[in-house]
Amino acid sequence: MNTSAPHPDHPDIQNLVADLTRARLQSQPLPWSNAVPADVPLAYATALAVRTARSAGGERPVGYKVGFTNRTIWPRYEVYGPIWGTVWNSTLTQVDASAPNEGVLSLKGLAEPRIEPEVVFCLREAPPPDCSLAQLVAVVDWVAHGYEIVHTHFPGWKFTAAQAVADGGLHGLLLVGHRVKLEAGAAPEAVMASLTGLRIKLYGDGVLKDEGMGANVLDGPVQALLHFVNELRATPGAPALQAGDVITTGTITDAWPVAAGQTWHTEIEASGPVGGALKGLKVRFE
Numbered sequence: 003m004n005t006s007a008p009h010p011d012h013p014d015i016q017n018l019v020a021d022l023t024r025a026r027l028q029s030q031p032l033p034w035s036n037a038v039p040a041d042v043p044l045a046y047a048t049a050l051a052v053r054t055a056r057s058a059g060g061e062r063p064v065g066y067k068v069g070f071t072n073r074t075i076w077p078r079y080e081v082y083g084p085i086w087g088t089v090w091n092s093t094l095t096q097v098d099a100s101a102p103n104e105g106v107l108s109l110k111g112l113a114e115p116r117i118e119p120e121v122v123f124c125l126r127e128a129p130p131p132d133c134s135l136a137q138l139v140a141v142v143d144w145v146a147h148g149y150e151i152v153h154t155h156f157p158g159w160k161f162t163a164a165q166a167v168a169d170g171g172l173h174g175l176l177l178v179g180h181r182v183k184l185e186a187g188a189a190p191e192a193v194m195a196s197l198t199g200l201r202i203k204l205y206g207d208g209v210l211k212d213e214g215m216g217a218n219v220l221d222g223p224v225q226a227l228l229h230f231v232n233e234l235r236a237t238p239g240a241p242a243l244q245a246g247d248v249i250t251t252g253t254i255t256d257a258w259p260v261a262a263g264q265t266w267h268t269e270i271e272a273s274g275p276v277g278g279a280l281k282g283l284k285v286r287f288e
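Just add 2 to the spot in the sequence shown (first one is 1) and you have the numbering used here.
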């Protein structure tokens, strides 16, 4: 938990923002040692400064990504706890409810992109302070299956937790499939159990690549969402949650490298009031 952060005028932040902006716009690696940023609070302060700069440039924050909620992949990336970053109107694509559950994404400008099948939430209103899991479910508007396309400006996916935070939480793109409306009065325990028990098979060009279940992400997507809500509110200078925020809760499988010309899809096995209504999602990369 972040209990303190550098002042926004801290000289390191200005330099870090310049480096991050250049890397993002020119798709170049970041030339940082393992000691840069110095710690996670500085990384979040830097990420928030980037958020301010991108907003001033005309982009609009539309929600958040939560990363490294899947404990099974922590040793692989040597990041041993969740992080979060901003999702933008320029990075979000939502499948129309009247169209097939599929989308097309361009990987142009992304560095070493990987695909992550996830569960996505949208808030109907901000969660109350110190909310319980049941209170959190009560303010969810809809649930969907989606893909986050993550990328990194650190070659070979070698970075520290602070570097992953500063690098936009590794967020590249978010494709959100058909939404399942969460009806008022839905039983919280049934919703949580439905998503915790959800199973996903991930295929790349028709070949099974990986399998996972909702419990992989901090014991369930709703639990991962609550962790994020608490962490966001504990981060100095972070924005307040609001109605309409879209939040994706972390990969259910490992993250797999993707390239233009490939088609990936999922198959979902689930039951219950929400999971049972979620369908597999297809994406083609250009």
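Here a beta-carbon is modelled for each residue, glycine too, at the ideal position from N, C-alpha and C.
- Taking C-alpha positions only, F70 is separated from N36 by approximately 19 Å.
- Our two residues, H12 and A47, have alpha carbons roughly 9 Å apart in a direct line.
- Residue burial annotation: N72 is buried, with at least 16 other C-beta atoms found within 10 angstroms of its C-beta.
- Bounds of the beta strand (DSSP E) holding A146 are 142–152.
- With at least 16 other beta carbons inside 10 angstroms of its own, N218 counts as buried.
- Under the three-state reduction of DSSP, I75 is assigned to helix.
- Under the three-state reduction of DSSP, I15 is assigned to helix.
- In the three-state DSSP reduction, F70 falls in the coil class, being neither helix nor strand.
- A check of alpha carbon separations from D98 across E271, D132, G179 identifies G179 as the nearest.
- Counting of Cβ neighbours within 10 angstroms places T154 among the buried residues, the total reaching 16 or more.
- Under the DSSP assignment, Y82 falls outside any alpha helix (DSSP H); it carries neither an H nor an E label.
- The three-state secondary structure of V121, taken from DSSP, is strand.
- When secondary structure is reduced to three states using DSSP, D21 falls in the helix class.
- Per DSSP, the unbroken alpha helix (DSSP H) holding T198 starts and ends at 190–198.
- Annotated three-state conformation of T162 is coil, per DSSP.
- Here the C-alpha atom of A236 lies approximately 10 Å from the C-alpha atom of F230.
- Apart from sequence neighbours up to five positions away, the residues of its chain that approach W159 with a beta-carbon distance below 7 Å are Y79, E114, ordered along the chain.
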